[in-house]
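Okay, so here's the structure we're looking at.
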Amino acid sequence: MSIDRITTTSAAAEPIRDRRVTTRVGLALATCFVVCFVTGLLSHLIQHPPDWFAWISRPSWLYRVTQGLHVISGVTAIPLLLVKLGIVYPKLFERPLIGSPVRAIERISIAVLVSSAIFQLLTGLMNIAQWYPWRFFFPTAHYAMAYVAIGALLIHIAVKLPIIRDALQSPVDAESVAEDDSRGLITRRTVLRSAWVAAGIGAVAFAGQTVTPLRRLAVLAPRSGEGPQALPINRTAAQAGIAAAARSPDHRLLLTGPGGEHVLSLDQLRAMPQHTVRLPIACVEGWSVEAEWTGVRLADLAAMAGHIGDGDVRMVSLDRGLYGTADIPVAQVRNPSTLVALRLNGAELDIDHGYPCRLIAPNLPGVMQTKWLSRIEVL
Ligand SMILES: Nc1nc2c(c(=O)[nH]1)N[C@H]1C(S)=C(S)[C@@H](COP(=O)(O)O)O[C@H]1N2
Ligand SMILES: [Mo]
Numbered sequence: 099m100s101i102d103r104i105t106t107t108s109a110a111a112e113p114i115r116d117r118r119v120t121t122r123v124g125l126a127l128a129t130c131f132v133v134c135f136v137t138g139l140l141s142h143l144i145q146h147p148p149d150w151f152a153w154i155s156r157p158s159w160l161y162r163v164t165q166g167l168h169v170i171s172g173v174t175a176i177p178l179l180l181v182k183l184g185i186v187y188p189k190l191f192e193r194p195l196i197g198s199p200v201r202a203i204e205r206i207s208i209a210v211l212v213s214s215a216i217f218q219l220l221t222g223l224m225n226i227a228q229w230y231p232w233r234f235f236f237p238t239a240h241y242a243m244a245y246v247a248i249g250a251l252l253i254h255i256a257v258k259l260p261i262i263r264d265a266l267q268s269p270v271d272a273e274s275v276a277e278d279d280s281r282g283l284i285t286r287r288t289v290l291r292s293a294w295v296a297a298g299i300g301a302v303a304f305a306g307q308t309v310t311p312l313r314r315l316a317v318l319a320p321r322s323g324e325g326p327q328a329l330p331i332n333r334t335a336a337q338a339g340i341a342a343a344a345r346s347p348d349h350r351l352l353l354t355g356p357g358g359e360h361v362l363s364l365d366q367l368r369a370m371p372q373h374t375v376r377l378p379i380a381c382v383e384g385w386s387v388e389a390e391w392t393g394v395r396l397a398d399l400a401a402m403a404g405h406i407g408d409g410d411v412r413m414v415s416l417d418r419g420l421y422g423t424a425d426i427p428v429a430q431v432r433n434p435s436t437l438v439a440l441r442l443n444g445a446e447l448d449i450d451h452g453y454p455c456r457l458i459a460p461n462l463p464g465v466m467q468t469k470w471l472s473r474i475e476v477l
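Mind the numbering: the sequence shown is residues 99 to 477 in our numbering, read in order.
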C-alpha cells in the first residue's frame, strides 16, 4: 500500500473535521451554554437569595421567559454537542494523549468540558422528564456542575481563540463544497445545515411548552399537556398525601407574625375582599401556562400578621415535601397581583391545584407558588 493511499484516506476524513465547520457549531454551542448558565444562575438566585440579592415582581412574565430560555437553550445544545463531538471525535484520541504540560492542561480542560457538558444536558433533560435514577439531589449537583462547565468552556475558548478567529474569517466556500462533492463526501455545508435544523427542531419542540401559540408543536415537551382547569399538574394531592387534610372542613389558614396569630377558615377567606389576576405558573422545568386566579391579596393577609418592614413572608403547606415551604420576597408580598388564590379559571381550586388555597405571585418560579397553604409566617 502506498503512502499516497494513506494520505487520501486521512484526507477523506478531513472535510467533516474542517475547522470552519467545528468553529461555527462550537460558537452556537457556546452561545447556548452562556444563555443556559446566566438564566440558570438567575433561577438559583431567586430560589436561594443571598443578602445582596433582591428579586423584582415586575414584569410578571420575566421568569417565564428566562426559564423558558434556560430549557430551550439546554435542549438546543444537545444536537449541537452531538454534532460537535461527532466531528472532533477522532481528535479526542490523537497521540500523544497528554504530551507537554501546556497540551496536558488543554486536554484536561477538554475532558472536563465534555464530561460536565454531557452531565448538565443529560441531568437537565432527565429532570424535565422527572426521571431521577440517581442518588444526588438534582438542583445542587446541576448548579455546582454549571460552574465547572462554564469555567472549562472559557478556558477552551481562550485556548482556541486564534483558531476561532481564523476559522470565522474563512467562509465555508463553494470551492470546499465542490471539493467534498467531487469526493462523494457529505459536504461541509450539509453538516452545518443538519446541525442547524436539528437544533431548530429541538428548540421549537420545547418552546411550545412556554410559548402558548406554539403549544401544539411541543411534541417533545412532557408537560405541555393540560391538567384539571386547563393547567398541568406536577404533584397531585394524593402524591403529597394531603388530600384528606386539605378537604377537611376543619382546615384553617394560620397567620403568624408581629401582629399576633390569626386563624382563618375558608369561609372567612372568601368573605375578605377578592381580586382577580391573570398570571402564569412558570415551572423550573420550562413549561409555563397563564391562568385567571381569584383570591385574597397576600399584602392584606401579611398586614394582618404585622408585616411592615421589608422582610420575606413564608408560605407553609400541608405538604411536608421538598416544596412545602417558600419564602416570598418583599416585592411579591407588596405587589397587589400576589394572591392567596381560592379560585382558578372561574371555578373553585381543584384539589390538585392547591385547594383550599395556594399562593400565586408574579415573576416567581413555580416551586415557590405553594399549594395547600396551612400557614403564612411574617418573618
Ligand atoms: N405544596 C406544594 N406546592 C407546590 C408544589 C409542591 O410540590 N408542593 N410544586 C410546585 C411546583 S414545582 C410548581 S411548577 C407549581 C405548579 O405545580 P403543579 O403543576 O403540580 O400544580 O406548584 C408548586 N407548588
Ligand atoms: Mo415546578
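We put the beta carbon where it would ideally sit given N, CA and C, even for glycine.
- Proximity of the region 150-159 to the region 186-197 falls short of the contact definition, fewer than three beta-carbon pairs being nearer than 8 Å.
- Pro237 carries a helical assignment under DSSP once its states are collapsed to helix, strand and coil.
- Residue state for Thr436 is assigned as coil, using DSSP reduced to three classes.
- Leaving aside the five residues that flank Arg456 on each side, the residues in its chain whose CB is nearer than 7 Å to its CB run, in chain order, Ala439, Leu447, Gln467, Thr468, Lys469, Trp470, Leu471.
- In this structure, Gln366 has its CB at a distance of at least 8 Å from all heavy atoms of ligand 1.
- Remark: C-beta atoms of Leu329 and Ala424 do not approach each other more closely than 9 Å.
- For Asp116, same chain residues with a beta-carbon under 6 Å away, outside a window of 5 residues either side, are Arg286 in chain order.
- The three-state secondary structure of Val289, taken from DSSP, is helix.
- Excluding five sequence positions before and after Gln218, the CB atoms of its chain that fall closer than 7 Å to its own CB belong to His240, Met243, Ala244, Ala247, given in chain order.
- In the DSSP annotation of this structure, the continuous segment of the beta strand (DSSP E) that includes Glu475 starts and ends at 471-476.
- For Ile379, the beta-bridge partners assigned by DSSP are Val387.
- Secondary structure note for Ile226: its alpha helix (DSSP H) is the uninterrupted segment 199-226.
- Ile208 has its alpha-carbon roughly 14 Å from the corresponding atom of Gly197.
- For the pair of segments examined, the region 398-406 was found not to touch the region 161-177: the number of CB pairs separated by less than 8 Å stays below three.
- The continuous beta strand (DSSP E) containing Ile458 extends over residues 456-458.
- Here Asp278 is not bridged, per DSSP, to any residue.
- Note on geometry: alpha-carbon atoms of Ala202 and Lys182 lie some 21 Å from one another.
- For Met370, the three-state secondary structure derived from DSSP is coil.
- Secondary structure at Arg395: strand, using DSSP grouped into helix, strand and coil.
- Within the chosen limit of 8 Å, ligand 1 reaches the beta carbon of Arg456 through at least one heavy atom.
- The nearest non-hydrogen atom of ligand 1 is 8 Å or more from the C-beta of Asp279.
- Pairing Arg432 with Ala397, the inter-Cα distance amounts to about 5 Å.
- DSSP, reduced to helix, strand and coil, places Val295 within a helical segment of the structure shown.
- DSSP, read as helix, strand or coil, puts Pro463 in strand.
- Annotation: Val186 is outside any beta strand (DSSP E); the continuous alpha helix (DSSP H) that includes it extends over 160-190.
- Nearest to Gly409 by C-alpha distance, out of Thr392, Gln430, Leu420, is Gln430.
- Between the C-alpha atoms of Arg122 and Pro199 there is a straight-line separation of about 28 Å.
- Counting only heavy atoms of ligand 2, the residues whose C-beta sits closer than 6 Å to one of them are, along the chain, Asn332, Cys381, Val382, Glu383, Gly464, Val465.
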